[in-house]
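Chemist: Below: one structure in structure tokens.
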Amino acid sequence: MSHKIYVGNLSYGTSEESFRSMFEAHGQVESVKLVRDRETGRLKGFGFIEMATAEEAQAAIEALNGQEIDGRKLVVNEARPQEPRRNGGGGGGGHRRHGGGGGGGHGRNRY
């Protein structure tokens, strides 16, 4: 079972290859994920690494947390499970504003 690590405060110029190589010094890297903005494709400054064992993951966390890479101090720790996403504002009630329901003068002082 692989062990997922969160890495924050990455330089926006970080490549997947350089990201992977930082962690390969501490064990077998199973996967690499740099998070990008959906619209611009620009890096968001954080990513995830999956290491093969808990021992390798812990060694990487201890060695790299707080290290300065490309002028930025990395934040490296065990990734927490992703929380369920909430509907992003506006989805649950927009239909009430447009058409139907709510009065707005219908039937009152009509002719």
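Residue numbering for the sequence shown is 8 to 118, as defined by my numbering.
Glycine included, every Cβ here is placed at the ideal spot set by N, Cα and C.
All values reported here derive from a predicted model rather than from experimental measurement.
Which two residues bound the contiguous beta strand (DSSP E) that contains LEU71?
Modeler: Segment 61–71 is the alpha helix (DSSP H) holding LEU71; no beta strand (DSSP E) there.
Chemist: My output table needs one value for ARG87: the three-state DSSP class, helix, strand or coil.
Modeler: Coil at ARG87, not helix or strand.
Chemist: Between which two residues does the beta strand (DSSP E) containing ARG43 stretch?
Modeler: Run containing ARG43: 36–43, per the beta strand (DSSP E) assignment.
Chemist: Of the residues GLN89, GLY34 and TYR19, which one's Cα is nearest the Cα of GLY62?
Modeler: For the sequence presented, residue 62 should be read as Glu rather than Gly. For GLU62, the nearest C-alpha among the options comes from GLY34.
Chemist: Could you name the residues of the same chain whose beta carbon sits closer than 7 Å to that of TYR19, not counting the 5 residues immediately before and after it, in chain order?
Modeler: Closer than 7 Å at the Cβ level, and outside the excluded window around TYR19, lie ARG49, LEU50 and GLY52.
Chemist: Label ALA32 either buried or exposed according to how many other C-beta atoms from any shown protein chain fall within 10 Å of its C-beta, with 16 as the threshold for buried.
Modeler: Per the 10 Å Cβ criterion, exposed.
Chemist: Leaving out five residues before and five after VAL42 in sequence, what residues of the same chain have Cβ atoms less than 6 Å from its Cβ?
Modeler: Answer for VAL42: LYS51, PHE53 and GLY54, listed in chain order.
Chemist: Short of 7 Å in beta carbon distance, which residues of its chain neighbour ALA86, apart from the five on each side in sequence? Order them along the chain.
Modeler: If we look at ALA86 and ignore the five residues flanking it on each side, its Cβ neighbours are LYS11, ILE12, TYR13 and PHE55.
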